[in-house]
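Colleague: Just dropping this structure here.
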Ligand code: NAD
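Numbering (the working numbering), first residue to last: 450 to 935.
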C-alpha cells in the first residue's frame, strides 16, 4: 500500500459542488469510506435541495448558449476529455479503487471504457442529421430537424462511478444539452474528478453541474419538480427508477432508465465448455459481481452441468480476494455492510433450501466488506437469489433439460437487460438470441459493454439506450416543419 500516493491522489480531488463553473462550499459535509478497510478517506459537500436548484439555474442559464456552439467545437471538448482521461488513467483508477473497492486493473478498464464514450460521442457530435422530403401528395415539403432536448438531470450509481456518468454526459454534451449530475453518495469522488477534467478540456461554465448529497430524494425531487428541466436519465435499481419515472411524469419529462438485471447465462450441451467457463468468470466476477450485467443465474444443460460447475468452482476458488490496490488481487470487497448482509441472506436462503456450496458460501473475516467467491449447485428454483440481483460474487448453477426449457427459464423474470448464450450451433445460437426477452445478448462471450453499441434493457430493466448511434437520440428532440412550396 503506497499511502503517500493514495493521499496525493485523494488530495487533488475537488470537494465542493460544481455550480456554474465554480466549486462551492456547503454548510455540511459527508464522509466517503474505503470499502476494503471501512476507513473514511474523504469528506465532500452534502448538497441541499436549494443547492440543486442553484445547479439547475446554472444549467438552464447555459442552455441556449451551449446549443449554439458549433458541433465540431463540442466534439473537440469531448475528444480532449478522452485524451485527458487516457493520460491520467493510473491516478483516476487508484481513486476509483479507493472509494469503490474494485481491483485497480478493473478500475483502469472502467476509465478506458468511460473515455471511449467521450471519443465516440466526439465523433457523433458532427453527425446529427435531419431530412428533407416531398410530401406523398406533392407540393408541400417536410423538413425534419433534431435539436437538443434541453437541461437534463442525471442520477448515477456507485458500481461504475465514472462510466455510468460518462454514458450520459458525453452524448448530452455532443447533442448540445446542459445538465445537473448527482453521483451516488458512496462514490462521489470519481465524478468530481471527471467534472474537473471536463472543465480543463474547455467545457463552458454551467454546462455540467455536479451536486453530491446524502439526500438524493430531496435533491432529485426539487429538480424534477422544476419546469425548466426537460429530461431525466437514471442508472440504478429498479425500485428507485420506478419512483423517479412516476415523479418525472408530473412534468412529462423525457426519461432514460438503465435499471437492474437478472442475467441468465445459458450453457448448451454443444458449447465449448472451456470458453463457457472463461465467459462465466468474466460475466460473474467482473466488478466482483456488482454489475447490472452480472450473470445472476447459470442455466446449464443436464449432460454438461456437473463438469461446468466443477470447472467454474476451480476458477473461482483460485481467485485472490483483497484490497483492490494490492498486487494480484482479482476480487475486491463489496461496497458496504448493507450490500454484504443482502448477499449473506440470499446465500443462506439458497443453502436453507438444499443448495450445496462447492466453494465459498460466506463472508470473510477482518475489516472491510469481503465475501468469498462462491459456486452453488442444486439450487431450488424458488430460491430468492434466482429472482433478484445478487450483486456479489455468487454463482448459482441450475440444470435445464432441452432448448425450450432453457429459454423458458431464462425468460422467467421481470428483468430483461442482458443474457449470455454458449453454444457452437449456429441455428441454435440465432434461435435462442431471438427468443430471449432482453435488450442485449452475449453470444459465446461474457461481456457486451462497448461504447459503439446500444446498451439497455427491456421489461423492468429500463427504457432507452446508451452508446452506439442510438445513444445521442436520447438527447435530441425531433422538430418537423411543414413547408409550403408555391
Ligand atoms: P440505487 O437505485 O440505490 O441508487 C442509484 C442512484 O439513485 C444513486 O445516486 C442514489 O443516490 C440515487 N437515489 C436513491 N434513492 C433515490 C431517490 N429516492 N430519489 C432520487 N435518487 C435516488 O442503485 P445503486 O445501489 O447505486 O446501484 C446498483 C443498481 O444499479 C443495481 O440495481 C444495478 O443493476 C443498477 N445498474 C444498472 C445499470 C444499467 O445500465 N442498466 C448499470 C449499472 C447499475
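The beta-carbon is built from N, C-alpha and C at its ideal position, and this holds for glycine as well.
A quick note: this is a predicted structure, and the numbers were derived from the prediction, not measured.
Do you know whose CA, among 684, 485, 529, 870, lies nearest residue 744's CA?
Modeller: For the residues 684, 485, 529, 870, the minimum Cα distance to residue 744 belongs to 870.
Colleague: Closest to residue 603 by CA distance: which of 555, 669, 747 is it?
Modeller: It is 669 whose Cα lies nearest to the Cα of residue 603.
Colleague: Excluding the five sequence neighbours on either side, which residues of its own chain have a C-beta within less than 7 Å of the C-beta of residue 612, listed in chain order?
Modeller: Cβ within range, chain order: 559, 562, 563.
Colleague: In angstroms with no decimal places, state the Cα-to-Cα distance between residue 887 and residue 856.
Modeller: Going from the Cα of residue 887 to the Cα of residue 856 covers about 12 Å.
Colleague: Among 495, 890, 850, whose alpha-carbon lies nearest the alpha-carbon of residue 714?
Modeller: Closest option to residue 714, Cα to Cα, is 890.
Colleague: If you draw a straight line from the alpha carbon of residue 906 to that of residue 702, how long is it in whole angstroms?
Modeller: Distance between the alpha carbons of residue 906 and residue 702 is about 19 Å.
Colleague: Using 8 Å as the Cβ pair cut-off and three pairs as the minimum, do the stretch 618-628 and the stretch 470-487 touch?
Modeller: The stretch 618-628, when compared against the stretch 470-487, does not touch it at the 8 Å Cβ threshold.
Colleague: Does residue 899 pass the burial test, meaning 16 or more other C-beta atoms within 10 Å, or should it be called exposed?
Modeller: Per the 10 Å Cβ criterion, exposed.
Colleague: Please find out if some non-hydrogen atom of the ligand NAD comes closer than 6 Å to the beta-carbon of residue 736.
Modeller: Checking every heavy atom of the ligand NAD against the Cβ of residue 736, none is found closer than 6 Å.
Colleague: Taking a contact to mean a Cβ-Cβ separation below 7 Å, would you say residue 777 touches residue 769 in this structure?
Modeller: Contact flag set, yes.
Colleague: For residue 938, which beta-bridge partners are listed by DSSP?
Modeller: No answer is possible for residue 938: the residues shown for the chain start at 450 and end at 935.
Colleague: With a threshold of 6 Å (Cβ to nearest heavy atom), would residue 689 be considered close to the ligand NAD?
Modeller: Under cutoff, so the answer is yes.
Colleague: Return the chain-ordered list of same chain residues with a C-beta closer than 8 Å to the C-beta of residue 628, the five sequence neighbours on each side being excluded.
Modeller: Here the set comprises 508, 600, 601, 602, 603, 617, 618, 621, 656, 657, 658.
Colleague: What distance in whole Å lies between the Cβ atoms of residue 489 and residue 480, which are believed to be in contact at a cut-off of 8 Å?
Modeller: Contact holds; Cβ gap of about 4 Å.
Colleague: Could you round the C-beta distance between residue 793 and residue 812 to whole angstroms and report it? I think they count as a contact, below 8 Å.
Modeller: Contact flag correct, Cβ pair sits at about 6 Å.
Colleague: In angstroms, rounded to a whole number, what distance separates the CA positions of residue 672 and residue 680?
Modeller: Cα to Cα, the separation comes out at about 10 Å.
Colleague: Have a look at the DSSP bridge pairing and note the partners of residue 844.
Modeller: Its beta-bridge partners are 824.
Colleague: Report the rounded CA-to-CA distance for residue 800 versus residue 732, giving the unit in angstroms.
Modeller: Looking at the two C-alpha atoms, the distance is approximately 23 Å.
Colleague: If I follow the unbroken beta strand (DSSP E) through residue 808, where does it start and stop?
Modeller: Taken as a continuous stretch (DSSP letters only), the beta strand (DSSP E) holding residue 808 covers 805-808.
Colleague: Out of 581, 547, 597, which one is the CA nearest neighbour of residue 511?
Modeller: Among 581, 547, 597, the Cα nearest to that of residue 511 is on 597.
Colleague: For the beta strand (DSSP E) that residue 909 lies in, which residues bound it at each end?
Modeller: From DSSP, residue 909 is part of no beta strand (DSSP E); its letter is neither H nor E.
Colleague: Looking at the structure shown, is residue 790 part of a helix, part of a strand, or coil, going by DSSP?
Modeller: It is helical.
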